[in-house]
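J.:
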Amino acid sequence: MRYDEDYSYLRDPAKRTGAWWEPFKYIPLDLNGGAYLTLGLELRFREEAYGNFNWGQLPVNEYQWYRMLPYADLHLGSNLRLFGQLIGTWVTDKDTVGGIDQTGFEPLQAFADLKLPLAEGADLTLRGGRQLLSYGTERLISLRYGPNVLRSFDAALASVQTAPWRVDAFYAQPVRNLVGSFNDRFDHDRSVWSIYATRQLPDISAKSGFDLYYIGYRNAAAEYNQGRGEEVRHTIGSRLFGAAQGWDWNFEGMAQFGHFAHGNIRAWSVASDTGYTFADVTFSPRLGLRANIISGDQNPNEADLQTFNPLFPKGKYFGEIGLIGPYNLINAHPTLTLQLDQHWTLDLATVFYWRESLGDGVYGAGGDLVRPSGNSRARYIGTQADVILGWQPVPWFSAAFSYSAFVPGPFIQETGWGETAHFVGLEAMLKF
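Mapping of the sequence shown onto the working numbering: residues 256 to 687, in sequence order.
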């Protein structure tokens, strides 16, 4: 994230390369350079077009997203920092405009950091204000970067860092995004709190480690296949990640308990992403396999709930088309990534989806119930294919083209619209 970027090295003229953006990244404010300002900007244009959105519910849906993210990072010595970032988002040619499409101008982030030394090599950082939160591979707490409007929180956070550990504790309320400018407010219905610990494993590799965490969540107006009610949910989980000798891995297990309406919650999920890169082969292909099992509700007529809640997951969780969210699901997701040359990449993927429980329906990427279970006993949801071509000619500019198709299986065909859905995306981004 932008607030994790450190440009203090530019204080030394010998470390500057002459890149056009360097004068924006280190603007000294005193004679010794201990106080300095960093400025940056991200501009993104993205066009998306759907054919048969939600398998035929909307035959044609094409629109354009525009996003700008300017930020300023003020360092007042080594212990105090003020960070601010605006977001400006707009959409054209879309019939129904929501909070993830357009929010005008809003303060995306506005927080203060106070860093306190605890011991040799150990620091405590206290942070308060509006901020972005991202943990692990964003299965539970994410930026929601893919859609037009990012997800921010009004939060208080404390972070202790002492190699090889980092431990965060926070309480936060998500910001409710509205279409107009300067009218976003925190969501009174929802709150989240957590203790999240990460330990690096340098003996395996510099990119290896594990997470241990607890996340609490409350939603006063939750909705599932079985109905609506207040939800208080607790998640405990662990993640093992790393890369070594061509292999990379990311395994995570999560268990949830709590209550929903008048029943108890007992839910779970396991997720994996494993790959091997053939570095000495043409195009350095990476073959990967992702797999998820995500519990669903066993019986909508009983008070107890077994549907797993991914809380605040990343946007476009299972690919660019974004029709399916991580609820009540079993999926297998083979992937192939090719580095065509220094600037071009090609990603190919196929995703196979099943319902984990026949007593629960299919949910969208935002958690909305898009297909109730009804009377269908079919388990297979459908098959998705993805192609993404990426181009990055210079570090500060990138572009991408994507195509996806989702062929519905028996469950989708038996419960409503059942046409093959298509998606085309085109994106260009400038970021410094």
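Here a beta-carbon is modelled for each residue, glycine too, at the ideal position from N, C-alpha and C.
From P581, D559, F563 and Q511, pick the residue whose C-alpha is nearest to that of K569; which is it?
T.: Here the closest residue by C-alpha is P581.
J.: With H, G and I counted as helix, E and B as strand and the rest as coil, what does DSSP make of E485?
T.: Looking at E485 - three-state DSSP - the assignment turns out to be strand.
J.: Report the residue ranges of all beta strand (DSSP E) runs contained in full by the region 300 to 387; include only those spanning at least 3 residues, in chain order.
T.: Here the runs fully enclosed are 313 to 323, 326 to 331, 335 to 347, 359 to 374 and 377 to 386.
J.: Round the Cβ separation of R431 and R440 to the nearest angstrom and send it over; I've been treating them as touching at under 8 Å.
T.: Contact holds; Cβ gap of about 6 Å.
J.: Between which two residues does the alpha helix (DSSP H) harbouring P665 extend?
T.: Counting along the chain, the alpha helix (DSSP H) containing P665 begins and ends at P665 to E669.
J.: Which partner residues of Q428 appear in the DSSP bridge assignment?
T.: Q428 pairs with D409.
J.: CB T490 to CB A510, shorter than 9 Å?
T.: Yes. Within cutoff.
J.: Measure the Cβ-Cβ separation of R299 and A683 and say whether it is below 9 Å.
T.: The answer is yes: Cβ separation under 9 Å.
J.: Where does Y390 fall in DSSP's three states?
T.: Coil at Y390, not helix or strand.
J.: Assign V536 to one of two classes, buried (16 or more other C-beta atoms within 10 Å of its C-beta) or exposed (fewer than that).
T.: Label assigned to V536: exposed.
J.: Could you give the distance in angstroms between the alpha-carbon of V487 and the alpha-carbon of L603?
T.: Their backbone Cα atoms lie some 39 Å apart in a straight line.
J.: At what residues does the beta strand (DSSP E) containing P589 begin and finish?
T.: Here the beta strand (DSSP E) through P589 covers L584 to Q594.
J.: Any contact of the region 575 to 594 with the region 540 to 547, i.e. 3+ C-beta pairs under 8 Å?
T.: Output reads yes: the region 540 to 547 touches the region 575 to 594.
J.: In whole angstroms, give me the CA-to-CA distance for A499 and T529.
T.: Straight-line Cα distance between these residues: approximately 12 Å.
J.: By Cβ distance below 6 Å, which residues in the same chain neighbour Y468 in space, the five residues on each side in sequence not counted?
T.: Y451 and G492.
J.: Between Y264, V679, L369 and V434, which lies nearest to G383 when the distance is taken from Cα to Cα?
T.: The option with the nearest alpha carbon to G383 is L369.
J.: Please work out which residues of its chain come closer than 6 Å, Cβ to Cβ, to Y305, disregarding the five sequence neighbours upstream and downstream, and give them in chain order.
T.: Closer than 6 Å at Cβ, skipping near neighbours: N316 and F678.
J.: Which complete beta strand (DSSP E) runs does the region 539 to 586 hold, if anything under 3 residues is left out?
T.: If we require 3 residues or more, the beta strand (DSSP E) runs fully inside the region 539 to 586 come out as 541 to 549.
J.: Three or more beta-carbon pairs under 8 Å between the region 325 to 341 and the region 290 to 297, yes or no?
T.: The answer is yes - the region 290 to 297 touches the region 325 to 341, with three or more Cβ pairs under 8 Å.
J.: Hey, how far is the Cα of V625 from the Cα of D615?
T.: For V625 and D615, the distance between alpha carbons rounds to 11 Å.
J.: On a CA-only basis, which of A410, L495 and I643 is nearest S657? Give me that one, please.
T.: The shortest Cα separation from S657 among A410, L495 and I643 belongs to I643.
J.: Output yes if chain B places a C-beta closer than 9 Å to the C-beta of G551; else output no.
T.: Protein chain content of the structure displayed is limited to a single chain, and chain B is not contained in it.
J.: Is it buried or exposed, D503, if we count other Cβ atoms within 10 angstroms and call 16 or more buried?
T.: Buried: at least 16 other Cβ atoms inside 10 Å.
J.: Give the straight-line distance between the Cα atoms of R541 and E302, rounded to the nearest whole angstrom.
T.: Rounded to whole angstroms, R541 to E302 spans 28 Å at the Cα level.
J.: Are the beta-carbon atoms belonging to E575 and D623 less than 9 Å from one another?
T.: No, Cβ-Cβ distance for E575 and D623 is not below 9 Å.
J.: Alpha carbon to alpha carbon, how far is T532 from L601? Give it in angstroms, no decimals.
T.: Approximately 14 Å between the Cα atoms of the pair.
J.: Check each candidate in T638, A534 and G629 and name the one with the smallest Cα separation from F573.
T.: It is T638.
J.: Please report how far the alpha carbon of W599 lies from the alpha carbon of G645, in whole angstroms.
T.: Each residue's Cα considered, the two are about 6 Å apart.
J.: Which of the three DSSP states, helix, strand or coil, is assigned to P648?
T.: In the structure shown, P648 sits in a strand (DSSP, three-state: E or B).
J.: Buried or exposed, going by whether 16 or more other CB atoms sit within 10 Å of the CB of F666?
T.: Its Cβ being crowded by 16 or more others within 10 Å, F666 is buried.
J.: Could you give the residue range of the alpha helix (DSSP H) that holds K280?
T.: Run containing K280: E277 to K280, per the alpha helix (DSSP H) assignment.
J.: Can you give me the C-alpha to C-alpha distance between V415 and N334, rounded to a whole angstrom?
T.: Cα to Cα, V415 sits roughly 14 Å from N334.
J.: With DSSP collapsed to three states, give me the class of D261.
T.: Three-state DSSP puts D261 in coil, outside helix and strand.
J.: What's the gap between the Cα of A477 and the Cα of W276?
T.: Approximately 45 Å, taken between the alpha carbons.
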